[in-house]
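Taking it in order: structure first as structure tokens, then the write-up.
Residue numbers (the working numbering), protein chains in the order written: chain A, 31 to 432; chain B, 3 to 529.
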């Protein structure tokens, strides 16, 4: 119906000479307002649902709720206490101290990179479920360069990062090529390549070349210390690299001809083709850059931690990246903010478990709930009554319609 | 049945699409609703059909207030609607389509096809709607499919029939037939609301005419009003209905098309051995009913579709193997037939769409980076030059009206030096004022020495612009004629008959695997 409504609108009365420059800022701000409101409302709703879960999992509160009708205040007080304690611990554990903040930022770093990869693909009209596989490819390459090569200090780190980005880029590029050449759907391709990447990693970890010396475990040696991220203002360099990547993606999308092509192809491939753009080129390059960013996230896992390469190296970062991109509305700045939120939830969740005994899984539940609300904007709107606006939720629908 | 609308109002946000509309449709009258695109005709009808909820005002049937929540309520109350885009299942028969949604069964869930077929037969006899109840929809010409839609509405006992721009997809002959059907329905007591923006049709058939402009009723008149009067009421100012142009001064041959054949993905030959030449400084119009290969022919000229055989040349250079990018670079301007599908990116701003095929050239890009300042400058100039009504250069094109969206496309394509301009349905869905503007620009372009190819299903447009007219039927050019030809003759050519002196009988009579005019979905406009 909105389509109908639109075509029937008479011309706006404004003349053509309305000054464009100042209006732009106002227009873009007000355009983002519903999106921001939606994101905040989703987070608040998720915290409310989480509160119920905290109460249910808290023995003290639960026992007091058992005589709720004789002394309701007891139950409510205990419940509020439990929720307050848990969320306070979550907050303290994520931003309450230098160490907590550092944990948050370092957890956020790979999510930023992976989320950017998914966001960029979204903008080109591709639903990239393959961040996980691209990340594994990147982590594998970074680790191999990190523990086998011997290079001078700065060079070694650079080589590991470049190797990771190349590997991730190739892994993503395969998808772009197959999609452009054969029309295969990128969702299927990326999901399958996730499995391929994981199984290749498992096979590699059975080879002597990838195993720590003197061990039969499927675990690699640690990377050389000169291939690790150094600390800068209390956080490892990887976080700054991630921010730099976000700026780079922003620049690519909004200030370059290639970004213009990618966005045009993503929004209307037919019009893009008619305007002389190569849809195939946009698909391939978008997937290469997306893979490159996810590969960088993989490198973060290797050179940002004291951990060896194992088949669990990617954790769920590849999939969390999709969530982060959705929450960030596929914009670079939104992706960074969403990744920071997720980093805080993950980092603070550990503290919450230690301090209050609330299981760590609660922060995972919170993440999932946030995304669920984001993906169902109509639901959130009906609860908090945000003025209806087109566009919310289209990011999610887009990939499947491509 | 009498229908009365009192003070009906519908707002979308700050915009009032219908501002307290009053309208009375008497029993057994053909009431025309005339207005430009975006005037609010469809909004009004959608409220009447239960698709939109009015903010204010009421609808009365036979003097009793009614409230429709869904189209189902409207149908039950005796209102039938024939949409511009048919709501038929192509692989079902006529009878099956008519019973769709109200299936009659024998015993447990067994469809009673015979009864549906009887119903179709009875209705088609009573109202003179000739149609074979056992034919598959996909095998029927568009005009007959429309009849099926009307039968469907009548089968639901519609006393008031709404026809939304019913003539857009029809040949002149089919339009005449539709008008006969409308008269016979009226004489049998059905009221008809006929929505259109075509002045000729209104004057041919209407008992009464209500003109809507910017969501308000500007007046009610009869068919005795002149076309100029009606146009003035619609647009609100004096409009020039005929295109003002001097005689063409054709120069060298710019576009050469030799024996072009295009085969679509299903292996059907949609363009069949077509040859023609277009000279600099002339407008060559390709007329024909939608779906006779015009779309594919034009796409092959631009390189969007690769011809299976034949040669296309631009000023002597073979461009048959070129893609759209090279073709645009060679100085071909292209206004696609379906602008929202191929012409612009809806979510992009006006400024971005104005450089959609120019962004890679100076001054908009220097190598890899895009100059937003230049893109903004360009937008400022074009918006002024082409009088594009938009809130700002950074408004998404999807929120503009159809006429202004088309102006964006036209402005972009005319903003660089051209050798050849290809415009497909350049004024489809546009209002009288915008048509005047676009036509003027096209003639200006011709006078600058550009070769112009126009594809149009609109005879007024073809006659108004063309210096030479080619008629396409079933993938072939069945005749190239002078614009002095009569409407009847060109109508016959469009229906596949042979009258033109230039046509090639032996070719046109050869065996055809499929009649493209039977394909209902082909390129129907999205207005």
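Idealized CB from N, CA, C, for every residue including glycine. Keep in mind the model is a prediction, meaning the values are calculated, not measured.
Point to revise | Candidates B:431, B:137, B:148 and B:138, of which the one nearest residue 131 (chain B) by Cα | key: Here the closest residue by C-alpha is B:148.
Check your understanding: What's the call for residue 248 (chain B), buried or exposed, on a 16-neighbour Cβ count within 10 Å?
Key -> Residue 248 (chain B) comes out exposed.
Exercise for review: Could you tell me whether any Cβ in chain A is nearer than 9 Å to the Cβ of residue 372 (chain B)?
Suggested key: Any Cβ of chain A closer than 9 Å to the Cβ of residue 372 (chain B) would place that residue at the interface, and such an atom is present.
Exercise for review: List the residues of chain B whose Cβ lies closer than 8 Å to the Cβ of residue 310 (chain A), in chain order.
Suggested key: Taking the beta carbon of residue 310 (chain A) as reference, no residue of chain B falls within 8 Å; the closest one sits roughly 11 Å away.
Point to revise | Contacts of residue 238 (chain A) in chain B (Cβ-Cβ under 9 Å) | key: Correct list: empty, because the minimum Cβ distance to chain B is about 45 Å.
Practice item. In angstroms with no decimal places, state the Cα-to-Cα distance between residue 459 (chain B) and residue 202 (chain A). Key: For the pair residue 459 (chain B) and residue 202 (chain A), the Cα-to-Cα distance works out to about 46 Å.
Check your understanding: When you compare only the Cα positions, how much space is there between residue 231 (chain B) and residue 198 (chain B)?
Key -> Those two C-alpha atoms are separated by around 16 Å.
Point to revise | Nearest-angstrom beta carbon gap, residue 84 (chain B) and residue 29 (chain B) [assumed within contact, 8 Å] | key: Not really, about 19 Å apart at Cβ, beyond 8 Å.
Practice item. Just mark residue 293 (chain A) as buried or exposed, buried being the case when its beta carbon has 16 or more other beta carbons within 10 Å. Key: The residue is buried, with at least 16 neighbouring Cβ atoms inside 10 Å.
Check your understanding: Which residues in the same chain as residue 532 (chain B) place their Cβ atom closer than 7 Å to its Cβ, once the five residues preceding and following it in sequence are excluded?
Key -> Nothing about residue 532 (chain B) can be read from this structure; chain B reaches only from 3 to 529.
Review point. Under a CB-based cut-off of 9 Å, is residue 111 (chain A) close to chain B?
Key: Cβ-Cβ to chain B under 9 Å: no for residue 111 (chain A).
Point to revise | Neighbourhood of residue 54 (chain B) by C-beta, 7 Å cutoff - its chain only, sequence neighbours within 5 removed | key: For residue 54 (chain B), same chain residues with a beta-carbon under 7 Å away, outside a window of 5 residues either side, are 12, 45 and 48 in chain order.
**Study point:** Inter-residue spacing [alpha-carbon to alpha-carbon] between residue 89 (chain B) and residue 154 (chain B)
**Key:** Using only the alpha carbons, I get a separation of about 10 Å.
Review point. How about the segment 482-497 of chain B and the segment 289-298 of chain B: do they share at least three Cβ pairs that are nearer than 8 Å?
Key: A contact exists between the segment 482-497 of chain B and the segment 289-298 of chain B.
Check your understanding: If we ignore side chains and look at the alpha-carbon of each, how far apart do residue 283 (chain B) and residue 471 (chain B) end up?
Key -> Cα atoms of residue 283 (chain B) and residue 471 (chain B): separation of roughly 15 Å, rounded to the nearest angstrom.
Exercise for review: Using a Cβ cut-off of 9 Å (strictly closer), state whether residue 234 (chain B) contacts chain A.
Suggested key: So no, residue 234 (chain B) is outside the interface.
Check your understanding: How big is the Cα-Cα spacing for residue 212 (chain B) and residue 397 (chain B)?
Key -> Using only the alpha carbons, I get a separation of about 33 Å.
Practice item. Check whether the Cβ of residue 457 (chain B) lies closer than 9 Å to any Cβ atom in chain A. Key: With its beta carbon at least 9 Å from every one in chain A, residue 457 (chain B) lies outside the interface.
Practice item. Let me know the secondary structure DSSP gives residue 132 (chain A) once reduced to three states. Key: Note: residue 132 (chain A) maps to helix in three-state DSSP.
**Study point:** contact_flag[the segment 269-285 of chain A, the segment 113-126 of chain A] where n(CB pairs < 8 Å) is 3 or more
**Key:** No, the segment 269-285 of chain A does not touch the segment 113-126 of chain A.
Exercise for review: Note down the Cα distance separating residue 264 (chain B) from residue 254 (chain B), rounded to an integer number of angstroms.
Suggested key: Residue 264 (chain B) and residue 254 (chain B) have their C-alpha atoms roughly 27 Å apart.
Point to revise | Helix, strand or coil at residue 268 (chain A) [DSSP, three-state] | key: The three-state reading of DSSP puts residue 268 (chain A) in helix, counting H, G and I together.
**Study point:** Residues that residue 298 (chain A) contacts on chain B, provided the C-beta gap is smaller than 7 Å
**Key:** Simply 347 and 348.
Practice item. Tell me whether the beta-carbon of residue 121 (chain B) lies closer than 9 Å to the beta-carbon of residue 97 (chain B). Key: Yes, the Cβ-Cβ distance between residue 121 (chain B) and residue 97 (chain B) is below 9 Å.
Check your understanding: Closer than 9 Å, CB to CB, is residue 103 (chain A) near chain B or not?
Key -> Output row for residue 103 (chain A): interface = no.
**Study point:** Buried versus exposed call for residue 406 (chain B) [16 or more other C-beta atoms within 10 Å across all chains shown]
**Key:** By the beta-carbon neighbour count (other beta carbons within 10 angstroms, threshold 16), residue 406 (chain B) is buried.
Review point. At a CB-CB cut-off below 9 Å, which residues of chain A make contact with residue 367 (chain B)?
Key: Neighbours of residue 367 (chain B) on chain A, chain order: 286, 287 and 290.
Check your understanding: Near residue 151 (chain A), what residues of its chain come up, given a Cβ to Cβ distance below 6 Å and the 5 sequence neighbours on each side ignored?
Key -> Cβ within range, chain order: 158, 316 and 320.
Review point. Between the C-alpha atoms of residue 234 (chain A) and residue 240 (chain A), what's the straight-line distance to the nearest angstrom?
Key: The straight-line gap from Cα to Cα measures roughly 6 Å.
Practice item. Check whether the Cβ of residue 359 (chain B) lies closer than 9 Å to any Cβ atom in chain C. Key: The chain labelled as chain C is not found among the protein chains of the depicted structure, namely A and B.
Point to revise | Whole-number beta carbon distance between residue 145 (chain A) and residue 368 (chain A), since they are thought to touch under 8 Å | key: Sure, about 7 Å apart at Cβ, within 8 Å.
Review point. Hey, does residue 57 (chain A) have any beta-carbon neighbour from chain B nearer than 9 Å?
Key: Model confidence at residue 57 (chain A) stands at a pLDDT of 45, short of 50, so the residue's coordinates are unreliable and nothing is read from them.
Check your understanding: Nearest CA to the CA of residue 350 (chain B): which residue from B:321, B:388, B:339 and B:402?
Key -> Nearest C-alpha to residue 350 (chain B): B:402.
Point to revise | Buried versus exposed, by CB contacts within 10 Å (16 or more), residue 504 (chain B) | key: At residue 504 (chain B) the pLDDT is 45, less than 50, meaning the model places this residue with poor confidence; the figure from the coordinates comes in the next sentence. Under this definition residue 504 (chain B) is an exposed residue.
Check your understanding: When you compare only the Cα positions, how much space is there between residue 237 (chain A) and residue 331 (chain A)?
Key -> C-alpha separation (whole angstroms): 21 Å.
Review point. Since residue 309 (chain A) and residue 299 (chain A) are thought to touch, with beta carbons under 8 Å apart, how far apart are those beta carbons, to the nearest angstrom?
Key: Taking a contact as a CB-CB distance under 8 Å, the pair residue 309 (chain A) and residue 299 (chain A) counts as one, their CB atoms being some 5 Å apart.
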